[in-house]
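A.B. asks: First the structure, which I've put down as structure tokens, then a few questions once you've had a look.
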Amino acid sequence: MACIYYTASSLDGFVADEHASLEWLLSRDFAADGPFSIDEFLESVGALVMGADTYEWLLTHQPGEWMYSQPTWVITHRPQIVAAGHPVHTFAGAVTDLYPTLAAAAGDRHVWVMGGGQVARQFVDAGLVDEMIVSYAPCTLGAGSRVLPARSEWVLVDTARNADFVCAHWRKA
Numbered sequence: 575m576a577c578i579y580y581t582a583s584s585l586d587g588f589v590a591d592e593h594a595s596l597e598w599l600l601s602r603d604f605a606a607d608g609p610f611s612i613d614e615f616l617e618s619v620g621a622l623v624m625g626a627d628t629y630e631w632l633l634t635h636q637p638g639e640w641m642y643s644q645p646t647w648v649i650t651h652r653p654q655i656v657a658a659g660h661p662v663h664t665f666a667g668a669v670t671d672l673y674p675t676l677a678a679a680a681g682d683r684h685v686w687v688m689g690g691g692q693v694a695r696q697f698v699d700a701g702l703v704d705e706m707i708v709s710y711a712p713c714t715l716g717a718g719s720r721v722l723p724a725r726s727e728w729v730l731v732d733t734a735r736n737a738d739f740v741c742a743h744w745r746k747a
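Under the numbering used here, the letters of the sequence shown match residues 575 to 747, in that order.
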């Protein structure tokens with residue numbers, strides 16, 4: 575079991591643009607059966623955690639039934655944001671207090687720190703992220719939400735190309 579931050583980034587290190595949009599990402603080709611694919615990664619995931627902005631983006635852009643079968647937590651002080659029928663838990667507090675619950679829910683599978691960057695920063699600052707997988711899109715945004723607004727050290731494990739993306743797998747140094 576590992577705690578993995580799996581995300582995408584522009585070449586200049588942004589996960590969303592200055593308007594909180596992911597259009598720059600969704601307009602790119604990413605092969606579902608290619609290296610570092612989301613489907614393959616999801617099979618290894620036992621629990622997810624994300625911030626309120628990520629959850630609200632999913633509500634807006636992928637409405638309806640909750641798309642993940644894994645137990646999911648949203649870090650927020652606004653528990654009312656969870657849509658009716660979504661099996662999603664909320665948590666307000668230190669990620670170090672939440673992590674034992676995430677690890678127990680994940681069992682022998684991975685904890686996915688879905689993001690955004692501020693949530694990932696909290697997990698990285700607490701020393702909880704073991705690995706990071708970033709798929710880099712061939713664009714720059716110039717501004718927006720940083721993919722990881724923290725100082726940290728990583729060791730490159732593997733790289734691959736998936737359609738329009740260069741993917742990198744990193745392990746905590």
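Even glycine gets a Cβ: it sits at the ideal position worked out from N, Cα and C.
Since Arg-720 and Gly-587 are thought to touch, with beta carbons under 8 Å apart, how far apart are those beta carbons, to the nearest angstrom?
C.D. replies: Position 146 of the sequence shown, counted from the start, is the residue given in the question as residue 720. Position 13 of the sequence shown, counted from the start, is the residue given in the question as residue 587. Going by Cβ atoms, the distance from Arg-720 to Gly-587 rounds to 6 Å, so yes, they are a contact pair.
A.B. asks: What does the alpha-carbon distance come out to for the pair Ser-611 and His-743?
C.D. replies: Mapped onto the sequence shown, residue 611 falls at position 37. Mapped onto the sequence shown, residue 743 falls at position 169. Those two C-alpha atoms are separated by around 12 Å.
A.B. asks: Measure from the alpha carbon of Val-693 to the alpha carbon of each residue in Thr-650, Tyr-710, Glu-705, Gly-659, then state which is nearest.
C.D. replies: Looking up residue 693 in the sequence shown gives position 119. Looking at the Cα atoms, Thr-650 is the closest of the given residues.
A.B. asks: From the DSSP output, which residues share a beta bridge with Phe-665?
C.D. replies: Working through the sequence shown from its first residue, we reach residue 665 at position 91. Paired residues: Ile-649.
A.B. asks: Excluding the 5 residues flanking Glu-597 on each side, which residues of the same chain have their C-beta closer than 8 Å to its C-beta?
C.D. replies: The sequence position of residue 597 within the sequence shown is 23, counting from 1. Within the same chain, Glu-597 has close Cβ partners Asp-591.
A.B. asks: Using a Cβ distance threshold of 8 Å, determine whether the region 619–627 contacts the region 671–687, with at least three qualifying pairs required.
C.D. replies: The region 619–627 vs the region 671–687: in contact.
A.B. asks: So what does DSSP say about Thr-675, is it helix, strand or coil?
C.D. replies: One-based indexing of the sequence shown puts residue 675 at position 101. It is helical.
A.B. asks: My guess is that His-663 and Trp-647 are in contact by the Cβ rule of under 8 Å, so how many angstroms apart are they, rounded?
C.D. replies: Residue mapping note: residue 663 aligns to position 89 of the sequence shown, counting from 1. Residue mapping note: residue 647 aligns to position 73 of the sequence shown, counting from 1. Yes, His-663 and Trp-647 are in contact; Cβ-Cβ is about 5 Å, under 8 Å.
A.B. asks: Using CA atoms only, rank isn't needed, just tell me which of Gly-691, Ala-700, Pro-661 is closest to Val-669.
C.D. replies: In the sequence shown, counting from the first residue as 1, residue 669 sits at position 95. Val-669 has its Cα closest to that of Ala-700, out of Gly-691, Ala-700, Pro-661.
A.B. asks: Return yes when the Cβ of Tyr-579 is within less than 9 Å of the Cβ of Glu-727, no when it is not.
C.D. replies: Taking the sequence shown and counting its residues from 1, one reaches residue 727 at position 153. Taking the sequence shown and counting its residues from 1, one reaches residue 579 at position 5. No, the Cβ-Cβ distance between Glu-727 and Tyr-579 is not below 9 Å.
A.B. asks: With distances taken Cα to Cα, identify the nearest neighbour of Ala-582 among Gly-716, Tyr-710, Leu-722, Pro-723.
C.D. replies: In the sequence shown, counting from the first residue as 1, residue 582 sits at position 8. Selected option, being the one with the closest Cα: Tyr-710.
A.B. asks: Bridge partners of Gly-625, per DSSP?
C.D. replies: Locating residue 625 in the sequence shown gives position 51, where the first residue counts as 1. Bridge partners of Gly-625: Ile-649.
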